[in-house]
Amino acid sequence: MVLTQVEKLILYSLGQFYQSINQPLVEKPLTLRTSKITFIEWMLHSGIITKQERALYRNLESLEDDKLIKYDTRMIMFTNSGLRELENIKKELEKREKELEKRARELEKKEKALELKRKELGQFRELEKYF
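Numbering (my numbering), first residue to last: 5 to 135.
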């Protein structure tokens, strides 16, 4: 099963949504869940995704068909395979973030070296004035 980027985004967003609403309850034996409509409304209002409401419904249905999510009394729940896929998405994002940080450090080094060369060139041109 290959997920589209949109399906990955929805699955990741659902995981983040659940993490954020359950964070204050970490020390209590209680976890909150959400309904499909509440999650869709949150996605639309957050601006995370620009799809229409019906498209989000279809994407959630696709995730359900792929057995990544299920519904228990209208509440969205991750299946075991959905949780595994969510972990894979998180690992992929962490890997990409590390690559971006590495590129940023390399760019910063190059910018510093370029600035040093500019400074040296400026000093050289100052010296040229005297000769």
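All C-beta atoms in this analysis are idealised placements derived from N, C-alpha and C, irrespective of residue type, glycine included.
A Cβ-Cβ distance of about 6 Å is found for the pair residue 63 and residue 11, placing them in contact under the 8 Å criterion. Here residue 67 is buried. Its C-beta has 16 or more other C-beta atoms within 10 Å. Secondary structure in the region 64–98: no alpha helix (DSSP H) run of 4 residues or longer lies completely within the stretch. Sequence-distant partners of residue 60 (beyond 5 residues in either direction) whose C-beta falls short of 8 Å from its own C-beta, in its chain, are 14, 44, 47, 48, 53.
By the C-beta density criterion, residue 21 is buried, having at least 16 other C-beta atoms within 10 angstroms. Per DSSP, reduced to three states, the secondary structure at residue 42 is helical.
For residue 9, same chain residues with a beta-carbon under 6 Å away, outside a window of 5 residues either side, do not exist. In this structure, 69 is the residue among 119, 118, 69 with its C-alpha nearest to the C-alpha of residue 7.
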